[in-house]
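In order, the protein sequence lines correspond to chains A and B.
Be aware that the first sequence starts at 1, since it is given in UniProt numbering, and climbs by one per residue.
Be aware that the second sequence starts at 1, since it is given in UniProt numbering, and climbs by one per residue.
Glycine included, each C-beta is placed from N, C-alpha and C at the ideal position.
Number of protein chains: 2
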Amino acid sequence: MPYIQIHSQNFFDNFHTLSQAISPNNPQKLAIVLKDNAYGHGLKEIATLAKKCGIISCFVKNIQEALEVIDWFPHISILYPNALENPSLFKQCLESPNIYFCISALEKLPDYPPLSRIELKINTGMNRNGIAYNSLKEAFELIVKNKLQLVGIFTHNGFGDNFGCEFYTQNAVFLAVKKEVLKLCEKYSLPKPRFHSLCSSAGLRVNKDLSIPQSLQDDCYRIGIAFYGYLCQEEILNIPIHLKPIASLWAKKISSRMLKKGERVGYGGISVLSRDCVVSTYDIGYGDGLFRLREGMELYTKEGFKILPPASMDCLSVESEKEEICVFDNVEKWAEAFNTIPYEILVHLHSSIPKKII
Amino acid sequence: MPYIQIHSQNFFDNFHTLSQAISPNNPQKLAIVLKDNAYGHGLKEIATLAKKCGIISCFVKNIQEALEVIDWFPHISILYPNALENPSLFKQCLESPNIYFCISALEKLPDYPPLSRIELKINTGMNRNGIAYNSLKEAFELIVKNKLQLVGIFTHNGFGDNFGCEFYTQNAVFLAVKKEVLKLCEKYSLPKPRFHSLCSSAGLRVNKDLSIPQSLQDDCYRIGIAFYGYLCQEEILNIPIHLKPIASLWAKKISSRMLKKGERVGYGGISVLSRDCVVSTYDIGYGDGLFRLREGMELYTKEGFKILPPASMDCLSVESEKEEICVFDNVEKWAEAFNTIPYEILVHLHSSIPKKII
Numbered sequence: 001m002p003y004i005q006i007h008s009q010n011f012f013d014n015f016h017t018l019s020q021a022i023s024p025n026n027p028q029k030l031a032i033v034l035k036d037n038a039y040g041h042g043l044k045e046i047a048t049l050a051k052k053c054g055i056i057s058c059f060v061k062n063i064q065e066a067l068e069v070i071d072w073f074p075h076i077s078i079l080y081p082n083a084l085e086n087p088s089l090f091k092q093c094l095e096s097p098n099i100y101f102c103i104s105a106l107e108k109l110p111d112y113p114p115l116s117r118i119e120l121k122i123n124t125g126m127n128r129n130g131i132a133y134n135s136l137k138e139a140f141e142l143i144v145k146n147k148l149q150l151v152g153i154f155t156h157n158g159f160g161d162n163f164g165c166e167f168y169t170q171n172a173v174f175l176a177v178k179k180e181v182l183k184l185c186e187k188y189s190l191p192k193p194r195f196h197s198l199c200s201s202a203g204l205r206v207n208k209d210l211s212i213p214q215s216l217q218d219d220c221y222r223i224g225i226a227f228y229g230y231l232c233q234e235e236i237l238n239i240p241i242h243l244k245p246i247a248s249l250w251a252k253k254i255s256s257r258m259l260k261k262g263e264r265v266g267y268g269g270i271s272v273l274s275r276d277c278v279v280s281t282y283d284i285g286y287g288d289g290l291f292r293l294r295e296g297m298e299l300y301t302k303e304g305f306k307i308l309p310p311a312s313m314d315c316l317s318v319e320s321e322k323e324e325i326c327v328f329d330n331v332e333k334w335a336e337a338f339n340t341i342p343y344e345i346l347v348h349l350h351s352s353i354p355k356k357i358i
Numbered sequence: 001m002p003y004i005q006i007h008s009q010n011f012f013d014n015f016h017t018l019s020q021a022i023s024p025n026n027p028q029k030l031a032i033v034l035k036d037n038a039y040g041h042g043l044k045e046i047a048t049l050a051k052k053c054g055i056i057s058c059f060v061k062n063i064q065e066a067l068e069v070i071d072w073f074p075h076i077s078i079l080y081p082n083a084l085e086n087p088s089l090f091k092q093c094l095e096s097p098n099i100y101f102c103i104s105a106l107e108k109l110p111d112y113p114p115l116s117r118i119e120l121k122i123n124t125g126m127n128r129n130g131i132a133y134n135s136l137k138e139a140f141e142l143i144v145k146n147k148l149q150l151v152g153i154f155t156h157n158g159f160g161d162n163f164g165c166e167f168y169t170q171n172a173v174f175l176a177v178k179k180e181v182l183k184l185c186e187k188y189s190l191p192k193p194r195f196h197s198l199c200s201s202a203g204l205r206v207n208k209d210l211s212i213p214q215s216l217q218d219d220c221y222r223i224g225i226a227f228y229g230y231l232c233q234e235e236i237l238n239i240p241i242h243l244k245p246i247a248s249l250w251a252k253k254i255s256s257r258m259l260k261k262g263e264r265v266g267y268g269g270i271s272v273l274s275r276d277c278v279v280s281t282y283d284i285g286y287g288d289g290l291f292r293l294r295e296g297m298e299l300y301t302k303e304g305f306k307i308l309p310p311a312s313m314d315c316l317s318v319e320s321e322k323e324e325i326c327v328f329d330n331v332e333k334w335a336e337a338f339n340t341i342p343y344e345i346l347v348h349l350h351s352s353i354p355k356k357i358i
């Protein structure tokens, strides 16, 4: 079977680099985004490493993921809490003081019984999820009426990877939100919730404006892709930063054959050999969630062996005779070939691929 | 949570259509390819439907998949038997008379203890997996020496979807293989193994040449994508055939907002609204294995609602206010948008998405 190797030292190095760059005085402000099986890296595997770094906050996708890491973090936020669909799991989460439910719409608030711990998401301009800025007052009234515990107020700045003013506009809107929230907390005698708004690139990019009072600063940064070793738009940052991909994908040989120059390989005989060579098949294919190499694409294994398109559902043909190959230890070339971002290449990998931490 | 709806009547209709077209006198010659979680449709769900149709042979990916359907079919072939990596599961499979191991390389034969039931794969020109034609004699010697049970001899014609002579060449080579196999069986007093070589399109396309004696005809057809409702190159067939996609993908609303013409949505504000409308987010994203809609792509839900790029990892923004949407009930437009084949769109969907059979 193929497997994903997780390089723990690379993860630790990334943690060190990111905490130095974002929050050197308080590394615990770095929360880790573990949603979607830790972007395909293995939820439990990455949670283990995060715990070793002393990370105390994490963000998961749903109730199922929260319960998998329930014992490992003091603060676990469920970004998409599929609450009503799983009454028994929901109850388990409600009873766990370290689990918080992220709420993206006013009409979801009544789903939560008294004392539920919630984090309220505000739309600050991405126009995706979150309640409107001008619904804040109504939200607070519902929270008080329903006796919910307001643990956090957050937004998602969707412009961290883009030039232009929107990144700064969103930050300004969230600052206004925070001011409004503090007033509402005072009015209703609620404790101040934690604030967060920034993902990997945004967290690295934002100017830590020390003139902003402590109470209006973000309390944590939601770091996802950077922990896994990637940044999408490095040139947008004003500091150089060196991150290390933590995952490499390995596959084992199924069979080999010596072929002559001009012989054809695979569906439709698409690959034509330019020289006599040994071609082997390896046990990973697009059925494992890897992207399907197609005609004209040039990708190589880590060792430099040419992968011959097209990929099959369960195997790759490669100009190699090794028993095992490293399909990649960095997905940037794959992301480029498929005109996408590293996130998608990684998160599509099926959870059934075994993980080995080294 | 999103879910995949499996339309059982469409599956039954496809079975009827395919058995009429391929083997009207003996529908049991149709085997189903269930590998890779039944191409993303859910292994157990599709196995249930296949059993209801009276299908007796199936092909799965590995030992784990075989054990999931062990009680349901008299003939279960493991295409990529990860035997040595899972000694205890391997033992379980060895003890089950209905499980066969497909062998793609001579050097794998010694991994199997006496009495193991094997199907030997022959390379007939795809140059991917399978032993060479001229190694047949050696393979038989090893099979006899190691006291293996030879259940099948097969190949994979990788040219079913292509014009050109290769499709016919592979069939001719396999006919020669079958003749050679019959001689070797006679020589070693082995019972005749079953023969198979054709997948969906190839099975529909091949001329059933009745002048070929019964003993040299294929004993089963490995039907995969056609059962799921697709054919990649319909125009290559000389008969019209109408198949029905059996899976539809559904997602539930997370939040809605009324937006004005000119407002922007999503990462980088990529989508700009051409009119005032309600935009809602739905709980499926590329983190679930769906392909990531990006700038410039035009895709619509089944109901005709525009999906606004870019897709997020956990949600889609759609010009809709419905509580639930059908993201697709046919993946052809998605395959086209991503320059790939329906197989890849379907098989990338994560197994964690619940299935509902209707």
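Discussion item. Using C-beta distances below 6 Å, list every residue in its chain close to B:D276, excluding the 5 sequence neighbours before and after it, in chain order.
Written reply: K260, K261
Discussion item. Against chain A, which members of the region 48-72 of chain B pass a CB distance test of less than 9 Å?
Written reply: Listed in sequence order: K61, N62, Q64.
Discussion item. With distance defined between alpha-carbon atoms, name the residue in B:Y188, B:K145, B:G164, B:V206 nearest to B:L175.
Written reply: Checked all of B:Y188, B:K145, B:G164, B:V206; the closest Cα to B:L175 is B:V206.
Item to complete: Under 7 Å between beta-carbons, which chain A residues line up against B:R264? List them in chain order, please.
Response: By Cβ distance, chain A contributes N127.
Discussion item. I'd like the span of the alpha helix (DSSP H) that includes A:S200, first residue to last.
Written reply: 200-205
Fill in: Sequence-distant residues of its chain with Cβ nearer than 6 Å to B:K306 (five each side left out)
Taken in chain order, the residues that qualify are Y300, E319.
Item to complete: Check the Cβ of A:Y267 against every Cβ in chain B and list those closer than 7 Å, keeping chain order.
Response: What A:Y267 touches in chain B, judged by beta-carbon distance under 7 Å, is G158, going in chain order.
Fill in: Where A:V279 meets chain B, residues with beta-carbon distance less than 9 Å
N127, R128
Worksheet entry | Three CB pairs or more closer than 8 Å across the region 326-338 of chain B and the region 281-294 of chain B | yes
Worksheet entry | Same chain, Cβ closer than 6 Å to B:G40, five either side skipped, listed in chain order | Excluding five sequence positions before and after B:G40, the CB atoms of its chain that fall closer than 6 Å to its own CB belong to L346, V347, L349, given in chain order.
Fill in: Bounding residues of the beta strand (DSSP E) (the contiguous stretch that carries B:V318)
316-318
Worksheet item: Is there at least one Cβ from chain B nearer than 8 Å to A:C315's Cβ?
Response: yes
Worksheet item: Among all the DSSP beta bridges, which residues are the ones paired with B:I241?
Response: Per DSSP, B:I241 has no beta bridge partner at all.
Discussion item. Along the chain, where does the alpha helix (DSSP H) containing A:Y168 start, and where does it finish?
Written reply: 166-188
Discussion item. Residues of the region 104-120 of chain A in Cβ contact with chain B at a cutoff of 7 Å, in chain order, please.
Written reply: S104, A105
Worksheet item: Out of A:C220, A:K137, A:E68, A:I254, which has the shortest C-alpha to C-alpha gap to A:P24?
Response: Comparing Cα-Cα distances from A:P24 to each of A:C220, A:K137, A:E68, A:I254, the minimum goes to A:C220.
Discussion item. Assuming the contact rule is C-beta atoms closer than 8 Å, B:I358 and B:H7 should be a hit. Round their C-beta distance to whole Å, please.
Written reply: 6 Å
Discussion item. So that I know if they touch, is there some Cβ in chain B lying closer than 8 Å to that of A:S312?
Written reply: yes
Worksheet item: If you drop the 5 nearest sequence neighbours on each side, which residues of the same chain put their C-beta closer than 7 Å to that of B:F59?
Response: The answer, listed in chain order, is A31, V33, L34, K35, S77, L79, R222.
Item to complete: Note down, in chain order, every chain B residue with its Cβ under 9 Å from the Cβ of A:A83.
Response: Chain B residues near A:A83: none, gap ~11 Å exceeds 9 Å.
Fill in: When B:A251, B:G152, B:Q28 are compared against B:I284, the one with the closest alpha-carbon
Shortest Cα-Cα distance from B:I284 to any of B:A251, B:G152, B:Q28 involves B:A251.
Practice prompt. Determine the chain B residues that contact A:Y188 at a beta-carbon separation under 8 Å, and present them in chain order.
Written response: Chain B residues near A:Y188: none, gap ~24 Å exceeds 8 Å.
Worksheet item: Are at least three pairs of beta-carbons, each pair with one atom in the region 161-169 of chain B and one in the region 114-122 of chain B, less than 8 Å apart?
Response: Flag = no, the region 161-169 of chain B and the region 114-122 of chain B do not touch.
Worksheet item: Between the Cα of A:A139 and the Cα atoms of A:Q170, A:R128, A:L184, A:L216, which residue gives the shortest distance?
Response: Taking only the C-alpha atoms, the option nearest A:A139 is A:L184.
Item to complete: Thinking A:T281 and A:L249 are a contact (beta carbons under 8 Å), I'd like their distance in whole angstroms, please.
Response: The Cβ separation is near 16 Å, so there is no contact.
Practice prompt. Name, in chain order, the residues that DSSP records as bridge partners for A:K35.
Written response: DSSP lists no partner for A:K35.
Fill in: Test: A:H196 CB closer than 8 Å to a CB of chain B
Under the 8 Å criterion on CB atoms, A:H196 is classed as non-interfacial with respect to chain B.
Worksheet entry | chain A contact residues for B:L79, given Cβ-Cβ distances below 9 Å | In chain order: D314.
Worksheet item: Between residue 371 of chain A and A:K302, is the Cβ-Cβ spacing less than 8 Å?
Response: The displayed coordinates of chain A run from 1 to 358. Any statement about residue 371 of chain A would go beyond what the structure contains.
Worksheet entry | Nearest-angstrom beta carbon gap, B:Y100 and B:V151 [assumed within contact, 8 Å] | Confirmed, about 5 Å.
Fill in: Inter-residue CB distance, A:A247 and A:L18 (contact presumed, cutoff 8 Å)
Not really, about 17 Å apart at Cβ, beyond 8 Å.
Practice prompt. Going by CA-CA distance only, name the one from A:L106, A:E166, A:L273, A:N134 that's closest to A:I143.
Written response: A:L106
Worksheet item: Is there at least one Cβ from chain E nearer than 8 Å to B:R275's Cβ?
Response: Looking at the structure shown, chain E is missing, and the protein chains on hand are A and B.
Worksheet item: Does B:T340 come within less than 8 Å of chain A when only Cβ atoms are used?
Response: yes
Worksheet item: Can you find a heavy atom of the ligand PLP that lies under 7 Å from the Cβ of A:Q170?
Response: With respect to the ligand PLP, the structure offers nothing, as it holds no ligand at all.
Worksheet item: Where A:M297 and B:G54 are concerned, what is the direct C-alpha to C-alpha distance, given to the nearest angstrom?
Response: In this structure, the straight-line span from the alpha carbon of A:M297 to that of B:G54 is close to 42 Å.
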